[in-house]
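This report refers to the structure that appears directly beneath it.
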Amino acid sequence: MTRALVLGGGGITGVAWEWGMLAGLAAAGVDLGEADLVVGTSAGSVVGAQVASGLDPEERYAAQLEPPDGEVGGALGIAVLARYALAMVGAGGPRQVRRRIGSFATKAHTAATEADRVRVIESRLPVREWPQRRLLVTAVDVETGEFRAFDRTAGVPLVMAVAASCAVPGVWPPVTIDGRRYMDGGVRSGTNADLAAGHDRVVVLAPLPRGIGPMTGAATQVEALRVSARVALVTPDAAALAAIGRNVLDPAKRAGAARAGLAQAAAVADELRSVWAG
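Counting with this note's numbering, you get residues 76 to 353 for the letters of the sequence shown.
Encoded structure:
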């Protein structure tokens with residue numbers, strides 16, 4: 076039996092909610108860190124790198140409760156959302172849409188430079204080397220729209236791969252890797268759960284489960300996985316959505332999102348146990 080853990084994107088609050096879920100599940104005896112494969116997209120890449128490296132969920136959850144003193148947040152403002160909408164209504168398939176979003180991403184004025192943003196990601200990531208456990212970190216080439224799933228065989232520093240996966244178009248600058256520029260893996264899918272195909276048991280934690288335009292939603296990918304695997308999809312409940320609020324890039328919402336994830340874990344522990352260990 077092989078198992079995969081998929082961690083979706085969802086900004087600063089997504090990181091917090093996922094750590095709350097993971098800590099709560101571990102306390103209930105469901106250790107998702109035992110996965111044979113960890114797939115991380117955007118916020119999920121930050122969490123996934125640490126999970127695959129064996130960091131303690133309780134300690135990482137506690138870190139989410141620290142005050143966000145001096146931490147710079149972001150926001151998907153109206154102008155950015157309008158550019159997304161324009162990119163999606165043009166001709167062509169998903170890859171062409173991703174190329175248009177990539178063009179917008181390279182031209183956008185962001186609150187930080189690429190170098191500054193990489194340093195922020197490095198400061199949030201208490202691991203620097205790729206883990207031995209298989210980890211896939213997703214990103215999208217801004218010029219071609221090509222989807223990439225970096226792993227330890229790619230020859231790319233872990234921090235750079237995670238920074239690329241977290242490069243929200245229009246909010247943070249694309250990240251340069253081997254002469255190519257990459258943006259958030261969530262531009263393809265909020266979870267990229269299809270990368271878990273071939274595994275017998277799959278748990279998907281999706282802070283932002285909905286698909287928009289050509290961005291495939293979590294439910295669609297999960298249904299495809301269920302043809303040959305036992306799969307559980309967990310999304311924020313009503314209390315978690317209230318704690319997260321409207322802006323997933325707001326550091327002030329982090330602690331509340333983490334606590335909501337911890338509380339929600341108790342409600343889903345039995346379901347996930349049956350999938351993960353049954």
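Backbone N, C-alpha and C fix where the C-beta goes; we use that ideal spot for every residue, glycine too.
Note that the C-beta distance between G265 and S240 is not below 8 Å.
For R255, same chain residues with a beta-carbon under 6 Å away, outside a window of 5 residues either side, are D216 in chain order. Per DSSP, the unbroken alpha helix (DSSP H) holding L337 starts and ends at 329-351. By the neighbour-count definition (other C-beta atoms within 10 Å, threshold 16), H274 is a buried residue. Assigned with DSSP and collapsed to three states, D216 falls in strand.
Among the bridge pairs identified by DSSP, V302 is matched with none.
In this model, A137 and G165 are separated by some 45 Å (Cα to Cα). Runs of the beta strand (DSSP E) spanning 3 or more residues and lying entirely within the region 201-271 occur at 209-216, 222-225, 250-252, 255-259, in chain order. Here E346 has A307 as same chain residues with Cβ atoms under 7 Å from its own Cβ, once five neighbours each way along the sequence are excluded. For V172, the closest C-alpha among the options V309, V297, I87, T291 is that of T291.
DSSP places L316 inside the alpha helix (DSSP H), whose first and last residues are 313-319. Collapsing the DSSP output to three states places G115 in a strand. Cβ neighbours of V234 within its own chain (closer than 8 Å, five residues either side excluded): V193, I196, E197, L200, R203. By DSSP's assignment, R78 forms a beta bridge with R276. Boundaries of the alpha helix (DSSP H) around R170: 169-182. Between the region 333-340 and the region 85-101, the count of C-beta pairs closer than 8 Å reaches three or more; the two stretches touch.
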